[in-house]
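Asker: If you're matching them up, the sequences are chains A and E in order. Using my numbering, read the first sequence as starting at 1 and increasing by one per residue. Using my numbering, read the second sequence as starting at 15 and increasing by one per residue. Even glycine gets a Cβ: it sits at the ideal position worked out from N, Cα and C.
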Amino acid sequence: EVAQLRLSSYYIMS
Amino acid sequence: MFEARLVQSVILKKVLEAIKDLLTEATFECSDCGIQLQAMDNAHVSLVSLNLRSDGFDKYRCDRNLSMGMSVPCMSKILRCASSEDTVTLRAWDNPDTIVFVFESPNRDKISEYEMKLINLDQEHLGIPETLYSCVVKMPSQEFARICRDLSQFGDAMTIACSKEGIKFSAAGDYGTANVKLAQTAETENQEEAVVVEMKEPVKLTFSCRYLNSFVKATPLCAQVQLSMSAEVPLVCEYQIGEIGHIRYYLAPKIDD
Chain A
1 EVAQLRLSSY
11 YIMS
Chain E
15 MFEARLVQSV
25 ILKKVLEAIK
35 DLLTEATFEC
45 SDCGIQLQAM
55 DNAHVSLVSL
65 NLRSDGFDKY
75 RCDRNLSMGM
85 SVPCMSKILR
95 CASSEDTVTL
105 RAWDNPDTIV
115 FVFESPNRDK
125 ISEYEMKLIN
135 LDQEHLGIPE
145 TLYSCVVKMP
155 SQEFARICRD
165 LSQFGDAMTI
175 ACSKEGIKFS
185 AAGDYGTANV
195 KLAQTAETEN
205 QEEAVVVEMK
215 EPVKLTFSCR
225 YLNSFVKATP
235 LCAQVQLSMS
245 AEVPLVCEYQ
255 IGEIGHIRYY
265 LAPKIDD
């Protein structure tokens with residue numbers, strides 16, 4: 001099963 | 015006061031075409047440096063980063079920094095009212111509620127003004143650090159668009175593998191599999207047709223075709239696209255916008271659960 005990650009897994013949101 | 019004039023309104027028309035699939039609303043940050051936009055799609059899987067430098071405009075004035083929230087579909091409708099050969103001027107006063115788009119025909123015998131209400135938006139900003147990528151590929155943007163279109167017929171996801179031999183795109187689904195390999199081109203006189211791979215380490219990542227097919231809406235902006243990849247970080251897909259700036263798309267990869 002392939003999961004779609006979100007950008008917040010990589011970058012800090014401010 | 016804010017005023018930005020572009021003789022070639024077609025550039026702004028193409029920029030709107032390049033973002034309207036992904037964004038419904040966005041905040042345009044205007045400063046002395048130019049116009050910047052950073053916004054994620056609703057699912058927070060992809061991000062659009064647009065930079066239009068002030069020195070790329072034919073006239074640019076920004077007395078104080080402005081954050082203008084705009085409806086992208088509305089802006090797109092307005093820009094469709096401009097002829098490609100028209101000049102466009104964006105104008106707003108300090109603390110604006112609205113922004114005005116003025117289109118002038120080449121001989122100035124037709125001047126159209128469209129006023130658009132601004133909207134208040136919650137701003138979510140991602141801090142994206144400067145990154146050295148394992149692979150940076152430059153290739154013809156039309157070729158990339160075609161590969162994304164062709165491979166998305168085979169599956170929802172596309173794997174991009176980059177090695178010193180070149181770049182390979184593959185997709186698999188119920189109908190079968192698809193593979194497209196592009197070799198690096200030899201030194202060619204036509205840089206627009208070149209495929210150039212700068213590789214530190216091989217990379218293989220999988221991405222949603224739907225988002226990639228939205229990114230390639232920027233193809234009319236530039237003959238070449240640059241893809242930057244490292245293991246387990248988002249893809250960066252970049253198109254230069256003439257001498258005025260660039261649009262970058264970031265896309266989080268898909269991973270095996």
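1. Straight-line CA distance for A40 of chain E to C149 of chain E?
2. At 4 residues or longer, and completely inside the region 101-167 of chain E: list those alpha helix (DSSP H) runs for me, N to C.
3. Specify whether the region 75-93 of chain E and the region 38-56 of chain E touch according to this definition: at least 3 beta carbon pairs, one from each stretch, less than 8 Å apart.
4. Roughly how many angstroms lie between the CA atoms of D69 of chain E and T233 of chain E, to the nearest whole one?
5. Report all residues from its chain with a CB closer than 7 Å to the CB of Y253 of chain E; omit the five preceding and five following residues, and keep chain order.
6. Are any of the Cβ atoms in chain A nearer than 7 Å to that of I261 of chain E?
7. Residues of chain A with a CB under 8 Å from the CB of Y189 of chain E: which are they?
8. So, for E75 of chain E: in the same chain, excluding its five sequence neighbours on each side, which residues have a beta-carbon less than 6 Å away from its beta-carbon?
9. Let's test the definition: count the other Cβ atoms within 10 Å of the Cβ of D100 of chain E and tell me whether it reaches 16, buried, or not, exposed.
10. Would DSSP call I258 of chain E helix, strand or coil?
11. For the beta strand (DSSP E) holding C176 of chain E, just list the boundary residues, first then last.
12. Which residue's Cα is closest to the Cα of P110 of chain E: E:N134, E:A266, E:E138, E:G180?
13. Please classify A197 of chain E: does DSSP put it in a helix, a strand, or coil?
14. Looking at the secondary structure, which residues open and close the alpha helix (DSSP H) in which E273 of chain E lies?
15. Inspect the CB distances between the region 120-138 of chain E and the region 185-202 of chain E and report whether three or more fall short of 8 Å.
16. With a 10 Å radius around its C-beta and 16 neighbouring C-beta atoms as the bar for buried, classify V2 of chain A as buried or exposed.
17. Cβ closer than 8 Å: which chain A residues qualify as neighbours of I269 of chain E?
Answerer: If we stick to the structure as given:
1. 30 Å
2. 155-165
3. yes
4. 23 Å
5. S155, A232, L235, C236, V239, H260, I261
6. I261 of chain E has a beta carbon lying at 7 Å or more from every beta carbon in chain A.
7. Chain-ordered listing is empty here: chain A has no CB closer than 8 Å to the CB of Y189 of chain E, the nearest sitting near 18 Å.
8. According to the sequence provided, residue 75 of chain E is Arg. The question's Glu does not apply to it. Beyond the five residues adjoining it in sequence on each side, R75 of chain E comes within less than 6 Å, by CB distance, of E17 in the same chain, given in chain order.
9. buried
10. coil
11. 171-177
12. E:N134
13. strand
14. There is simply no residue 273 of chain E to check, as chain E begins at 15 and stops at 271 in what is shown.
15. no
16. Its Cβ having fewer than 16 others within 10 Å, V2 of chain A is exposed.
17. V2, A3, L5
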